[in-house]
Amino acid sequence: MIEEKYKNITVKDESPALKKKINELTLENQRLKQELLKSQTKVACLQSEMDSLKTELTDQSINSERDEELMKHFSDERDILENQIEILQTANRKLHDSNDGLRAALERITRVFHQKSYKKTNKAAFVFFIAFLFLRYCQRMDEYPLFSRRPSGDTLALAMCDPGLRRRHSSECEEDSLPEIYVDSGLSTLRGSHGGYDSEHEVKGQEEEYESTNVQKSFLENTISLSPLQKEDKDSTDLGYMTSEKAYRIVLAGDAAVGKSSFLLRLCKNEFKMNSSATLGVDFQMKTLIVDGEPVLLQLWDTAGQERFRSIAKSYFRRADGVLLLYDVTCEKSFLNIREWVDMIEDVSHEDIPIMLVGNKSDLRQDGIGCVPTSYGEKLAMTYNTLFCETSAKDGSNILEAVLHLARQVTKFANYEEKSSRQSLPILDAPRNQPKFSCCT
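Under the numbering used here, the residues of the sequence shown are numbered 28 to 468, in order.
Written as structure tokens, this is what we have:
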């Protein structure tokens with residue numbers, strides 16, 4: 028009984044403490060549940076973010092694969108284009124070589140016929156010329172093919188390509204080439220390209236016409252002596268018209284705006300233009316100079332200096348007999364690029380050709396503008412073993428002298444090549460029906 032009473036008393040005393048603990052545990056349980064919910068929410072958010080990142084990674088991998096495929100496609104196309112460009116360049120080189128071969132063949136064919144074509148004369152002048160040849164050589168008329176003044180191979184090729192150039196060349200190079208009685212008032216024309224000689228039928232017809240007239244008799248009675256005619260022929264030879272001239276190709280090269288066109292204009296027309304337009308492609312002029320007492324016909328090719336026209340300039344270097352390489356003394360860059368031009372010429376040309384290094388616009392030194400020193404140009408010319416001269420297209424100083432020096436070197440080089448070729452190759456025979464005599468003997 029006593030023990031039961033004691034237990035009841037202790038239970039009554041401990042019940043408030045137990046209730047208090049139960050309340051505390053209940054609160055803590057609720058707090059832990061709330062934290063668990065928050066943690067689950069955070070885990071769900073992180074899971075969704077991870078899913079979005081996975082999606083982005085997948086998209087990026089797909090895009091990278093697509094880019095790789097495009098790059099591979101572009102690389103294949105580039106290889107194909109490079110192969111096509113290489114094929115086109117090879118074809119272009121073959122075309123250039125075949126073109127050079129055709130030009131060389133044309134020159135070899137036309138070189139056989141050294142006589143130059145003259146203007147169409149009237150019948151009386153033609154008979155006069157035939158009678159003079161008859162008296163001079165005492166040959167039978169039916170065995171003598173009539174001479175026709177025929178331009179050199181280079182000039183004929185240019186005339187065939189461009190009628191405008193043909194008319195200009197005829198007016199520049201053939202005017203006053205014969206005595207006044209030989210010249211007709213009509214326009215000058217070129218004969219056909221069938222060898223430069225009249226056919227046998229035409230010769231006989233002209234002989235019959237000649238025999239049907241009394242011009243021969245009057246000519247024999249009033250003919251002049253041979254010595255004045257020989258003197259007249261000598262004078263004509265000094266002018267470069269009665270001799271068969273070989274046209275030498277001179278190419279003007281250099282950077283843009285160094286004054287190549289002004290140089291050529293001053294040389295050929297003795298003119299100067301302050302504001303001249305840039306050369307597009309190639310310009311062409313003809314000039315006859317007296318070099319060491321002999322007439323020299325020059326074909327002057329003015330090439331464009333822009334980078335996009337370098338391939339055109341290279342094609343002209345292949346067949347050039349000489350090069351006028353210009354730079355602007357007021358532009359150091361044009362002087363520094365001379366080495367590149369010389370390397371280009373040496374790469375394209377099959378053999379060494381004479382080069383005249385020209386420092387243009389020397390008149391601007393007097394204006395106090397900073398210029399490339401003359402000694403620099405001389406040293407560069409000595410390095411490449413070229414000629415050197417400073418010129419001014421504005422006042423015309425040293426223009427003609429520079430071209431004369433280059434023409435002298437070109438003719439010497441050509442004569443040396445001709446002698447060596449004669450020693451190594453047989454001389455081409457004259458036409459079978461042509462009598463072997465010279466009109467200069």
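Positions of the beta carbon are idealized from the N, C-alpha and C atoms, including for glycine.
Predicted model only: the values in this text are computed from it and were never measured.
From the options, residue whose alpha carbon lies closest to that of residue i
| i | options | result |
| --- | --- | --- |
| A429 | R345, I365, E378, L279 | L279 |
| S402 | V385, H377, I396 | V385 |
| Y26 | L433, V399, M383 | Not covered by the structure: residue 26. The range shown for the chain is 28 to 468. |
| S376 | V399, K99, V350 | V350 |
| G397 | R276, A44, V356, E298 | V356 |
| A408 | Y354, K47, T68 | Y354 |
| P322 | N425, T438, R345, R58 | T438 |
| D374 | K296, R346, G423, S361 | R346 |
| Q436 | F299, R276, E76, F101 | R276 |
| E445 | L73, L64, R138 | R138 |
| P400 | L363, A434, W368 | L363 |
| Y443 | E92, K99, L63, D348 | D348 |
| K296 | F101, I426, E134, R120 | I426 |
| E359 | D282, V369, Q57, F336 | D282 |
| M371 | Q393, D394, I339 | I339 |
| L423 | L294, Q333, E92 | At residue 423 the sequence reads Gly, which differs from the Leu that was named. Comparing Cα-Cα distances from G423 to each of L294, Q333, E92, the minimum goes to L294. |
| R366 | G404, A131, E55, E378 | G404 |
Boundaries (first-last residue) of the beta strand (DSSP E) holding residue i
| i | result |
| --- | --- |
| V285 | Looking at the DSSP string, V285 is not in any beta strand (DSSP E), and its letter there is neither H nor E. |
Cut-off 7 Å between Cβ atoms - residues of its own chain near residue i, not counting five sequence neighbours on either side
| i | result |
| --- | --- |
| F440 | P381 |
| I361 | Note on residue identity: the sequence assigns Ser, not Ile, to residue 361. Excluding sequence neighbours, S361 sits near G281, D282, V285, Y354, D355. |
| D78 | none |
| Q333 | A283 |
| P255 | Annotation note: pLDDT 37 at P255 (below 50); position unreliable, no value reported. |
| A44 | none |
Cutoff 6 Å; reference residue i; Cβ partners in own chain excluding five residues on either side
| i | result |
| --- | --- |
| Q257 | Because Q257 carries a pLDDT of 38, less than 50, the predicted location of this residue cannot be relied on, and the following value inherits that uncertainty. Result list for Q257: empty, nothing under 6 Å. |
| L247 | Model confidence at L247 stands at a pLDDT of 41, short of 50, so the residue's coordinates are unreliable; what they give is reported in the following sentence. Same-chain partners within the cutoff: there are none. |
| L414 | M383, H432 |
| L80 | none |
| R167 | Residue placement at R167 cannot be trusted, given a pLDDT of 41 that sits under 50; what the coordinates show is reported in the next sentence. Around R167: no qualifying Cβ. |
Close-in-space but distant-in-sequence residues of the same chain around residue i (CB under 8 Å, 5 per side omitted)
| i | result |
| --- | --- |
| L291 | L279, D310, Q312, L327, D329 |
| H123 | S342, R345 |
| V318 | L431, A434, R435, T438 |
Residue i CB to nearest heavy atom of the ligand NAP below 7 Å
| i | result |
| --- | --- |
| V70 | Absence of the ligand NAP from the depicted structure is noted, as is the absence of any ligand whatsoever, leaving it without description. |
Task: Continuous alpha helix (DSSP H) assignments of at least 4 residues falling wholly in the stretch 349–408 - done: 359–363, 365–375
TODO: Specify whether the stretch 77–89 and the stretch 295–304 touch according to this definition: at least 3 beta carbon pairs, one from each stretch, less than 8 Å apart.
DONE: no
Task: Any 3 or more C-beta pairs closer than 8 Å across the stretch 416–428 and the stretch 378–393 - done: yes
Task: Contiguous beta strand (DSSP E) assignments of at least 3 residues, all confined to the stretch 287–352 - done: 309–318, 321–330
- [ ] Determine contact between the stretch 307–321 and the stretch 284–298, defined as no fewer than three beta-carbon pairs at a distance below 8 Å.
- [x] yes
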